[in-house]
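**Q** Respectively, the protein sequence lines represent chains A and B. Mapping to full-length UniProt numbering: the first sequence position 117 is 117, numbers consecutive. Mapping to full-length UniProt numbering: the second sequence position 5 is 5, numbers consecutive. Glycine is no exception: its CB is placed at the ideal position from the N, C-alpha and C atoms.
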Amino acid sequence: MTAPGGTSDPGRAPGTGRGAPPGLHALMDRYLDGDARAFAALHAALAPRLTAFLVHLVRDTAAADDLVQATWLKAHLARARFQVQGASPDGAVQAWYFTIARNLAVDWLRAQVRERRRREPGDPDGGERDRLAEIPSDLPTAEELEIGEAEAQEITSRVRDALAQLPAGQREIVELHKFQGLSMAEIAARLRIREGAVRVRAHRAYKALARWLTPSLRALLVLLARGGA
Amino acid sequence: MTGIDAKSLIAGDLADRRRERLQHFRPAWLVAVTVPIVGLLASGTRDDFWAQPTWILALQALVWGLALFVLPALGLGLWFPGRAARVVLGLLAAAVAFLVAAGPALFDMSYPTGLEDHPIYQLGCASLTLAAGALVLAVCAMSGAFAQRRRSAGALWLAAAIALIGIDTTTWHCVITGLDHTLPSHLGAGVLMLLVAGLVGAALHRRQREP
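This is the structure we're talking about:
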């Protein structure tokens with residue numbers, strides 16, 4: 001297994017600038033300008049390290065693969081906030097991706113703990129707590145990189161923009177259904193229309209939203225909806 | 001595993017952004033192309049246009065190609081050549097601008113018109129170079145072209161394109177090829193345009209990209 005950050009210990013934090021492949025910052029710079037080839041090269045340079053890092057943290061290959069995909073998508077949506085911090089620009093790029101990966105791993109492990117407690121109230125945490133304690137702490141925090149808040153804001157604003165484009169009748173149904181958790185029957189009762197009409201409007205609204213949200217954002221929403229990623 | 005491939009989704013997203021950028025700037029590009037055409041229709045093309053040597057005509061065509069296609073593609077983030085190619089393009093743009101303005105005189109293909117150091121013609125050609133450049137600069141400024149690249153140095157590619165448009169418009173209009181005339185009023189005005197457009201572009205880049 002390739003050690004993230006070029007170290008022999010896959011659990012060691014790779015984002016402090018040491019061992020970052022050279023040229024990462026030049027690739028990131030061109031990717032941020034929209035260069036798809038630079039992104040492909042950046043992906044090739046970092047993907048094996050990210051995969052090894054996440055497999056080590058969550059000890060679940062399938063979950064780690066989902067988390068790697070979510071890492072790329074989250075970083076992509078928040079890419080406008082990327083800034084070089086510290087002495088090594090290449091290290092800053094690596095730290096950016098590995099901090100996002102670490103946060104996703106922490107969220108996933110916490111979700112596993114919650115899920116296990118819900119299913120088996122008497123059972124301790126099945127090792128996830130130990131793994132949470134093993135998460136490296138020498139990476140910058142999400143707050144330091146201004147990405148935790150930024151990525152959430154980015155997703156929220158994109159979804160909000162898409163919602164704002166819906167006709168009022170459809171938007172109301174989506175808000176009642178998704179944000180207030182009402183069933184179709186409850187929405188029909190509240191709006192005093194037939195349930196069939198609610199379903200038709202909701203179907204049209206979700207179809208339009210799927211069209212307006214970019215594929216990368218839709219995929220990230222799918223990943224976030226699964227497994228606490 | 002969800003089977004989601006982030007790499008191809010992001011590549012698709014970047015391709016979509018590039019398409020959107022292309023669509024957004026197409027009208028501005030058409031207006032920018034119209035500027036030298038209208039300028040030449042209004043002021044008239046040089047009488048000896050077709051009598052110029054073929055290599056000079058080819059150089060002038062190369063300048064149009066650089067100014068209207070290659071440099072805007074770089075400045076707008078539609079094309080990303082490597083560092084070596086960018087250096088070659090920068091040097092090529094400078095060399096052809098110089099050769100288009102001074103080539104005929106340097107290669108002894110210039111003929112005296114007696115107007116080389118006449119201030120009215122010098123002022124007229126410098127004004128045409130600056131006016132054509134200023135109109136294209138206004139188009140770039142209003143369309144947000146200077147804010148497309150992450151670094152303000154990207155604005156220099158557009159500034160170079162603007163300067164080349166000014167120089168080539170004047171070259172297609174002016175029959176005087178002596179160095180006394182072309183160096184200050186064609187090339188000199190072009191360099192001035194490059195500086196002005198570069199400064200305006202960098203300032204707009206900072207202003208338009210600030211959150």
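Which of helix, strand or coil does DSSP assign to B/LEU71?
**A** In this structure, B/LEU71 counts as helix in the three-state DSSP scheme.
**Q** Comparing alpha-carbon positions, which option in A/TYR31, A/ALA63 and A/ASP66 lies nearest B/GLY12?
**A** Nearest C-alpha to B/GLY12: A/TYR31.
**Q** Quick one: using the 10 Å Cβ neighbour count with 16 as the cut-off for buried, is A/GLN165 buried or exposed?
**A** Burial call: exposed.
**Q** Around the C-beta of A/LYS207, are 16 or more other C-beta atoms found within 10 angstroms, so that it is buried, or is it exposed?
**A** Exposed, since its Cβ has fewer than 16 Cβ neighbours within 10 Å.
**Q** Can you give me the C-alpha to C-alpha distance between A/ALA185 and B/ARG209, rounded to a whole angstrom?
**A** Approximately 47 Å, taken between the alpha carbons.
**Q** Would you check if the distance between the CB atom of B/PRO72 and the CB atom of B/ALA145 is smaller than 9 Å?
**A** A contact, by the Cβ cut-off of 9 Å.
**Q** Tell me the rounded alpha-carbon separation between B/TYR121 and B/THR45.
**A** Roughly 15 Å separates the two Cα atoms.
**Q** Just to confirm, are B/ILE4 and A/ASP35 a CB contact at a threshold of 9 Å?
**A** In this structure, A/ASP35 does not lie closer than 9 Å to B/ILE4 by Cβ.
**Q** Tell me the rounded alpha-carbon separation between B/LEU164 and B/GLY75.
**A** When rounded, the distance between both Cα atoms is 14 Å.
**Q** Let me know the secondary structure DSSP gives B/HIS118 once reduced to three states.
**A** Here B/HIS118 sits in coil by DSSP.
**Q** Check each candidate in A/GLU175, A/ILE187, A/ARG119 and A/LEU104 and name the one with the smallest Cα separation from A/LEU57.
**A** Nearest C-alpha to A/LEU57: A/LEU104.
**Q** Tell me which same chain residues have a C-beta within less than 7 Å of the C-beta of B/GLY133, skipping the five on either side of it?
**A** Here the set comprises ILE162, ALA163, ILE165, GLY166, MET193 and ALA197.
**Q** On the DSSP letters alone, give me the boundaries of the alpha helix (DSSP H) that A/GLU195 sits inside.
**A** Here the alpha helix (DSSP H) through A/GLU195 covers 195-212.
**Q** Output the distance between the C-alpha atoms of A/GLN112 and B/ARG86, rounded to the nearest integer angstrom.
**A** Their Cα atoms are separated by approximately 50 Å.
**Q** Please report whether the beta-carbon of A/VAL222 lies at a distance below 9 Å from any beta-carbon of chain B.
**A** A/VAL222 counts as touching chain B.
**Q** Assign B/GLY77 to one of three DSSP states: helix, strand, or coil.
**A** In the structure shown, B/GLY77 sits in coil (DSSP, three-state: anything other than H, G, I, E or B).
**Q** Indicate whether the contact test is met: 3 or more Cβ pairs, each with one atom in the segment 141-159 of chain B and one in the segment 25-43 of chain B, closer than 8 Å.
**A** As far as the Cβ criterion goes, the segment 141-159 of chain B touches the segment 25-43 of chain B, which means the pair count is three or higher.
**Q** From what residue to what residue does the alpha helix (DSSP H) around A/VAL93 run?
**A** It spans 89-119 - the alpha helix (DSSP H) in which A/VAL93 sits, taken as one unbroken run.
**Q** A/SER157 versus chain B: which residues are under 9 Å apart at the beta carbon?
**A** Result: empty, since nearest Cβ-Cβ is about 13 Å, beyond 9 Å.
**Q** By alpha-carbon positions, which one of B/THR169, B/SER152 and B/ALA105 ends up nearest to B/LEU135?
**A** Of B/THR169, B/SER152 and B/ALA105, the residue nearest in Cα terms is B/THR169.
**Q** In whole angstroms, what is the alpha-carbon distance linking A/ARG119 and A/LEU109?
**A** Using only the alpha carbons, I get a separation of about 15 Å.
**Q** At a cut of 8 Å, does the segment 97-104 of chain B reach the segment 176-185 of chain B through at least three beta carbon pairs?
**A** Short answer: they touch.
**Q** Could you check whether the Cβ of A/THR71 sits closer than 9 Å to any Cβ belonging to chain B?
**A** With 9 Å as the cut-off, A/THR71 counts as an interface residue toward chain B.
**Q** On a CA-only basis, which of A/LEU223, A/ALA44, A/LEU217 and A/GLY169 is nearest A/VAL200? Give me that one, please.
**A** Among A/LEU223, A/ALA44, A/LEU217 and A/GLY169, the Cα nearest to that of A/VAL200 is on A/GLY169.
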